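Each remark here refers to the structure printed beneath this line.
Right, here's the structure in full:
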């Protein structure tokens, strides 16, 4: 496919921006800076010290400007010129144009009230013009336990891409980076990002407007983007829920809440600006990105943090304290073959459940629990006094967990219909009402409340797996691994240079993977850890089945036909995860 050419402005960074920390001093310092006529250097009105000078990192057409404060406790990266073509902070050449166009065509055939992806949701259907849909992501992490500084990344995923490649690292669009002991001052970045998004993009000679349909972030990070409270009695910008104090907990135990629409939100925001602040409002002020975000429609509950790391995980962890149930889980783990997308990380025993990653919790919730837990609804494995009473409580807990899992399953299918959404609403109602005083802690947390928004979220943004932080979290972790220094200025330079180098390597690898260098590239990039369960299919069996003409010298059978369909085998080696061929040795029959 032809490389998509992104049209972006040739603007330079406006130095007249304010920062929360040392506002006046920072503003005066930025006011002094101005770009030189040749664009290669930034000059100071008074050249005093290096750490007060903004310096362009390189002289390529797509530059990055670095700003640091006097105390060097924070640093900012902002992109100069083309936001989406920077060789430093995004993929230089975007090669999935045909996949994007084909995927759009496929989704456009979906009837109303049938959802395959976010492009079938109400948020996208509302927009009549041709757009390139984006999902905004942000989060931060500490680079070292001994440091108070965090690195924050703001970026975008392209919602028009198929899910299989949407969250790949090379398709993540970097917008900004911030290093400091405080959360990012988004107003420092918002003007330039908004302006460049408004420039749009040309795809197959057609102009497409950029539109951000949703925000994918955990609760604290999301609150910084939309400028609302992240906790307390009124933490939800999507409804008018008010928490109730119960002991040391704040509980959100009311499921009959009134939702907030964009017009209602704008009215509430105006009341706040006018000084008529409602104590039951979560609004803290105008969002720095209000120009490009349709709040609260763009707000989503992330399936990673709210689903896999949410109340279902916490409740299942409590059930696994029963040794009989834990042993059954461990035995099943050793026998279970997971889907290929979950098989790259070996699932650990439940004794290490507190160390599970999100993908492991996904496997446990949606593949293990539904197999193991139903047996313990009818089988009383309790011992000691009050055996029957303990069994009834355990039964209620298991049923409640399975109801929550089933409700999410309805909303995570490849194709979700309105009937499935309504069934999920019924299951979530039973799940929510049945939690009261069941698990011994706060059953009605903010995340439990967020799960009640999931059915309507699917109507707006499509199936839940499309609203995920997985792509951004992978990028953030890879950036952390690139950094070998704790000085903000050096960190930003390392990130810029090493992302650029990584992208260049990926580009070269893709261009040469089908050439004479292909076998060498494959030998370098293949997994270093071999699988102990690998099975080698005898060459004579392959030759007998397929004939000598269909056997490649190094990689086994090329293809086979079954019922009119042609299958291309992975190779002569197979494992418990990638079965390209199965055969019965004694009978010599392919299956």
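Numbering (UniProt numbering), first residue to last: 1 to 591. Yeah, the Cβ is synthetic: ideal placement off N, Cα and C, and Gly gets one too. On a predicted model such as this, the values are computed, not experimentally measured, just so you know.
Query: Report yes or no: do the segment 123-138 and the segment 149-164 share at least 3 C-beta pairs separated by less than 8 Å?; Result: yes
Query: Apart from the five residues just before and just after residue 183, which ones in its own chain have a Cβ nearer than 6 Å to its Cβ?; Result: 224
Query: Measuring alpha carbon to alpha carbon, tell me which of 125, 515, 253, 134 ends up nearest residue 592.; Result: Nothing can be reported for residue 592, as the shown portion of the chain is limited to 1 through 591.
Query: Decide if residue 347 is buried, meaning its Cβ has at least 16 other Cβ atoms within 10 Å, or exposed.; Result: buried
Query: Less than 7 Å between C-beta atoms, sequence neighbours within five positions excluded: which residues of the same chain meet that for residue 242?; Result: 233, 234, 280
Query: Are the segment 262-282 and the segment 473-492 in contact at 8 Å, needing three or more beta carbon pairs?; Result: no
Query: Are there any heavy atoms of the ligand FAD lying less than 7 Å away from the beta-carbon of residue 221, as far as the coordinates show?; Result: With respect to the ligand FAD, the structure offers nothing, as it holds no ligand at all.
Query: Return the CA-CA distance between residue 509 and residue 521, expressed in angstroms with no decimal places.; Result: 7 Å
Query: Distance check for residue 341 and residue 400, CA to CA, integer angstroms please.; Result: 27 Å
Query: Tell whether a beta-carbon distance below 8 Å holds between residue 100 and residue 120.; Result: no
Query: If you draw a straight line from the C-alpha of residue 366 to the C-alpha of residue 516, how long is it?; Result: 43 Å
Query: Which word fits residue 345, buried or exposed, when buried means at least 16 other C-beta atoms lie within 10 angstroms of its C-beta?; Result: exposed
Query: Apart from the five residues just before and just after residue 305, which ones in its own chain have a Cβ nearer than 6 Å to its Cβ?; Result: 218
Query: Who pairs with residue 214 in a beta bridge, going by DSSP?; Result: 135
Query: State buried or exposed for residue 130, treating a residue as buried only when at least 16 other CB atoms are found within 10 Å of its CB.; Result: exposed
Query: For the candidate residues 338, 210, 413, 406, whose alpha-carbon lies nearest to that of residue 424?; Result: 406
Query: How about residue 133 and residue 211: do their beta carbons lie closer than 8 Å?; Result: yes
Query: Check whether the segment 292-309 touches the segment 360-377, taking contact to mean three or more Cβ pairs, one atom from each stretch, closer than 8 Å.; Result: yes
Query: Buried or exposed: which applies to residue 247, given that a residue is buried once 16 or more other Cβ atoms fall within 10 Å of its Cβ?; Result: exposed
Query: Since residue 299 and residue 222 are thought to touch, with beta carbons under 8 Å apart, how far apart are those beta carbons, to the nearest angstrom?; Result: 7 Å
Query: List the endpoints of the continuous beta strand (DSSP E) containing residue 246.; Result: 244-246
Query: Where does residue 298 sit, in a helix, a strand or coil, going by DSSP?; Result: coil
Query: Going by beta-carbon coordinates alone, are residue 175 and residue 202 separated by less than 8 Å?; Result: no
Query: If you check the beta carbons only, do residue 372 and residue 327 fall under 8 Å apart?; Result: no
Query: Whole angstroms is fine: what's the gap from residue 148's alpha carbon to residue 491's?; Result: 15 Å
Query: Which residues bound the beta strand (DSSP E) around residue 156?; Result: 150-158
Query: Helix, strand or coil, according to DSSP, for residue 521 in the structure here?; Result: helix
Query: For residue 419, which of 115, 238, 109, 98 has the nearest alpha-carbon?; Result: 115
Query: Work out the CA separation of residue 431 and residue 160 for me, nearest whole Å.; Result: 34 Å
Query: In or out: residue 256 buried (at least 16 other Cβ within 10 Å) or exposed?; Result: exposed
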